[in-house]
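Participant: If you count the sequence shown from 1, position 199 lands on 199 in full-length UniProt numbering, and the numbers rise without skipping. Quick one: the structure is below, questions incoming.
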Amino acid sequence: MAQTFNEPVCDDPREETVLRSGRNLQQPAAPATMAMASDLATAGTEASALPAGVLAKPQGDSTDLASQTTSLPKDAVHAPLDFASGAIPGATSVPSPEDRRNSSPVAISELYTVLQTIATSSQRLADATVAFSAACARTTLPPSSTAEIPDFTGVDQDPTVLLDEVHSLARRHAWTDDVTLSLAVSPLRESPKAWHQYDGCKYESWGYWTTAFFTAFPPLPSAYDDHFMRMRSRQQAPSEDARKYVYDKLGLLDNCGITWISPAVRQYVVDGLADPIPAAILSCQSPEASPQVFAQKAAELQRISRRRLSMDTLRTVRSTYASTRHGC
């Protein structure tokens, strides 16, 4: 029983192989006696409209082989190039250098925004660098300044001596509080240095740092006793002005840590007055609001006391002269 194949019938088997492989389309092909099923499906209504017994013309007729021979290799080779260059309608092509140069306004605006952001960031970085350099220049200490201050270890050393030296250098060089604080930190060693690293660095103000430093490292008892004894031994001279004595005494009290708000300050000053009459009057009066008012009152009482003393002396001299004259 013969087997039926749904393939075109060819006279030459070699020609069929050539057609299937597509390697040599120039070989002549015999007319097909039957259309392929796929060709009939593609033909559609044309194949169904033919009379019975009439075969449809195959799609791969030999009359179109010349055009297929020249077009297929070209399309197969140049298809990627045509796609890349945009020659194929409806295809998405890779932008050429010319297309990149002719960018849309939106792309140009985005590029300008990016460049502007980079320029702004660069300017901010430059400003920060200049500010940092200026800050370093302000806080740079003269090489000789730190050499004038001995190292402070906190062992058998009085912190008052350290801070007095720092104050002296700060006034001499007209430094700001930031520079003064940097100068005070530089000679710290051992436990004082550790204290500043973990606690003292929290105080950015020179005044707050000094208070905290005295709390952590109080003055030595011997140093305090020396200041206190110097204050107690300060007495007003008989011919000394009261204002000068009061302000000098207040300075010594401040070195001992005793300020004007303390009740003992006023009494310490009164105890050193040379004239007992102004001292007694001031001791009985209420405390003044400020040391300036107290100094003014002490000077006024001193003036009155001296005038009264002069009058009493004059009376005594006259009384003595009269008694001598009358032989009494």
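All C-beta atoms, glycine included, are put in the ideal place defined by N, C-alpha and C.
For a test of the three-state rule: what should DSSP assign to residue 329, helix, strand or coil?
Facilitator: Beyond the ends of the chain as shown, which are 1 and 328, falls residue 329; an answer cannot be given.
Participant: Following the continuous alpha helix (DSSP H) through Thr211, name the residue where it begins and the one where it ends.
Facilitator: To locate residue 211, count along the sequence shown from 1; it is residue 211. That run of the alpha helix (DSSP H) goes Trp206 to Ala216.
Participant: For Arg124, collect the residues of the same chain with a Cβ closer than 8 Å to its Cβ; drop the 5 residues on either side in sequence, then sort them by chain order.
Facilitator: For the purposes of this step, residue 124 is taken as residue 124 along the sequence shown, with counting starting at 1. Result list for Arg124: empty, nothing under 8 Å.
Participant: Measure the CB-CB distance between Ala242 and Ala299 and report whether it falls below 7 Å.
Facilitator: To locate residue 242, count along the sequence shown from 1; it is residue 242. To locate residue 299, count along the sequence shown from 1; it is residue 299. For Ala242 and Ala299, yes; Cβs fall inside 7 Å.
Participant: Quick check: Leu282 and Val265, are their CB atoms within less than 7 Å of each other?
Facilitator: In the sequence shown, counting from the first residue as 1, residue 282 sits at position 282. In the sequence shown, counting from the first residue as 1, residue 265 sits at position 265. No, they are not a contact pair.
Participant: In its own chain, which residues sit with a C-beta less than 8 Å from the C-beta of Gly272, not counting the 5 before and 5 after it?
Facilitator: Taking the sequence shown and counting its residues from 1, the one referred to as residue 272 is at position 272. Closer than 8 Å at the Cβ level, and outside the excluded window around Gly272, lie Arg234, Gln235, Gln236, Tyr245 and Lys249.
Participant: Just how far apart, CA to CA, sit Pro159 and Ser121?
Facilitator: For the purposes of this step, residue 159 is taken as the residue at position 159 of the sequence shown. For the purposes of this step, residue 121 is taken as the residue at position 121 of the sequence shown. Rounded to the nearest angstrom, the two C-alpha atoms are 47 Å apart.
Participant: Pick from Val166, Thr129 and Tyr112: whose alpha carbon is nearest that of Thr210?
Facilitator: Here residue 210 corresponds to residue number 210 of the sequence shown, with the count starting at 1. The shortest C-alpha separation from Thr210 is found at Val166.
Participant: Decide if Cys256 is buried, meaning its Cβ has at least 16 other Cβ atoms within 10 Å, or exposed.
Facilitator: Stepping through the sequence shown from its first residue, residue 256 is reached at position 256. Counting Cβ neighbours within 10 Å, Cys256 comes out buried, since at least 16 surround it.
Participant: Determine whether the beta carbon atoms of Pro187 and Asp225 lie at a separation below 7 Å.
Facilitator: Along the sequence shown, read from residue 1 onward, the residue named residue 187 stands at position 187. Along the sequence shown, read from residue 1 onward, the residue named residue 225 stands at position 225. Their beta carbons are not under 7 Å apart, which means Pro187 does not touch Asp225 by this criterion.
Participant: Take His227 and list the residues in its own chain whose beta-carbon comes closer than 6 Å to its own, dropping the five residues that flank it on each side.
Facilitator: Start at 1 with the first residue of the sequence shown, and residue 227 comes out as number 227. Only Asn255 and Cys256 meet the Cβ criterion.
Participant: Measuring only the C-alpha atoms, how far is Tyr268 from Ile258?
Facilitator: If you number the sequence shown from 1, residue 268 lands on position 268. If you number the sequence shown from 1, residue 258 lands on position 258. Roughly 10 Å separates the two Cα atoms.
Participant: Nearest-angstrom Cα distance between Leu301 and Pro221?
Facilitator: For the purposes of this step, residue 301 is taken as residue 301 along the sequence shown, with counting starting at 1. For the purposes of this step, residue 221 is taken as residue 221 along the sequence shown, with counting starting at 1. One C-alpha to the other measures close to 37 Å.
Participant: On the criterion of 16 or more Cβ atoms from any shown chain inside 10 Å, does Arg308 qualify as buried, or is it exposed?
Facilitator: Taking the first residue of the sequence shown as position 1, residue 308 is located at position 308. Its Cβ having fewer than 16 others within 10 Å, Arg308 is exposed.
Participant: In three-state terms, what does DSSP make of Leu125?
Facilitator: Counting from 1 along the sequence shown, the entry for residue 125 is found at position 125. Helix at Leu125.
Participant: Which of the three DSSP states is assigned to Leu220 in this structure?
Facilitator: Along the sequence shown, read from residue 1 onward, the residue named residue 220 stands at position 220. The answer is coil: DSSP assigns Leu220 none of H, G, I, E or B.
Participant: Provide the residue span of the alpha helix (DSSP H) that contains Glu190, from first to last.
Facilitator: Residue mapping note: residue 190 aligns to position 190 of the sequence shown, counting from 1. Run containing Glu190: Glu190 to Tyr198, per the alpha helix (DSSP H) assignment.
Participant: Between Pro192 and Phe217, how many whole angstroms is the CB-CB distance? I'm expecting something under 8 Å.
Facilitator: Stepping through the sequence shown from its first residue, residue 192 is reached at position 192. Stepping through the sequence shown from its first residue, residue 217 is reached at position 217. That belief holds up - the Cβ atoms of Pro192 and Phe217 are roughly 6 Å apart, short of 8 Å.
Participant: Look at the alpha carbon of Arg114 and the alpha carbon of Arg189, and state the distance between them as a whole number of angstroms.
Facilitator: The count along the sequence shown starts at 1 and reaches residue 114 at position 114. The count along the sequence shown starts at 1 and reaches residue 189 at position 189. Residue identity check: residue 114 is Val in the sequence provided, not Arg. Roughly 51 Å between the two C-alpha positions.
Participant: Smallest Cα separation from Asp178: which of Gly154, Tyr208, Gln197 and Pro219?
Facilitator: By one-based count along the sequence shown, residue 178 stands at place 178. Nearest option by C-alpha distance: Tyr208.
Participant: Using a 10 Å radius around the Cβ and a threshold of 16 neighbouring Cβ atoms, would you call Pro219 buried or exposed?
Facilitator: Numbered from its first residue, the sequence shown carries residue 219 at position 219. With 16 or more other Cβ atoms within 10 Å, it is buried.
Participant: CB-CB under 6 Å to Ser305, same chain, minus the five flanking residues each way: which ones, in chain order?
Facilitator: The residue you call residue 305 lines up with position 305 of the sequence shown. Asp275, Ile277 and Pro278, listed in sequence order.
Participant: Between Gln27 and Pro105, what straight-line distance do the alpha-carbon atoms span, to the nearest angstrom?
Facilitator: Indexing the sequence shown from 1 puts residue 27 at position 27. Indexing the sequence shown from 1 puts residue 105 at position 105. Any reading at Gln27 must be qualified, since the residue scores a pLDDT of 48, below 50, and its modelled position is unreliable; the value itself is stated next. For Gln27 and Pro105, the distance between alpha carbons rounds to 57 Å.
Participant: So, for Gly200: in the same chain, excluding its five sequence neighbours on each side, which residues have a beta-carbon less than 7 Å away from its beta-carbon?
Facilitator: To locate residue 200, count along the sequence shown from 1; it is residue 200. Within the same chain, Gly200 has close Cβ partners Trp209, Ala212 and Phe213.
Participant: Comparing alpha-carbon positions, which option in Glu240, Phe294 and Trp195 lies nearest Ile261?
Facilitator: For the purposes of this step, residue 261 is taken as the residue at position 261 of the sequence shown. Of the listed residues, the one whose Cα sits closest to Ile261 is Phe294.
Participant: For the alpha helix (DSSP H) containing Tyr203, name the first residue and the last one.
Facilitator: Here residue 203 refers to the residue found at position 203 when the sequence shown is read from its first residue. Tyr203 -> no alpha helix (DSSP H), and no H or E assigned at all.
Participant: Using C-beta distances below 6 Å, list every residue in its chain close to Thr70, excluding the 5 sequence neighbours before and after it, in chain order.
Facilitator: Here residue 70 corresponds to residue number 70 of the sequence shown, with the count starting at 1. Here Thr70 scores only 48 on pLDDT, less than 50, and its place in the model is too uncertain to base an answer on.
Participant: In whole angstroms, what separates the C-alpha of Gln292 from that of Asp127?
Facilitator: Your numbering for residue 292 matches position 292 in the sequence shown. Your numbering for residue 127 matches position 127 in the sequence shown. Whole-angstrom Cα-Cα distance: 49 Å.
Participant: Using DSSP's beta-bridge definition, name the partner residues of Phe152.
Facilitator: Indexing the sequence shown from 1 puts residue 152 at position 152. Answer is Leu188, bridged to Phe152.
Participant: If you compare alpha carbons, which of Leu162, Pro263 and Ser109 is closest to Pro287?
Facilitator: Residue numbering aside, residue 287 sits at position 287 when the sequence shown is read from its first letter. Cα-wise, what sits closest to Pro287 is Pro263.
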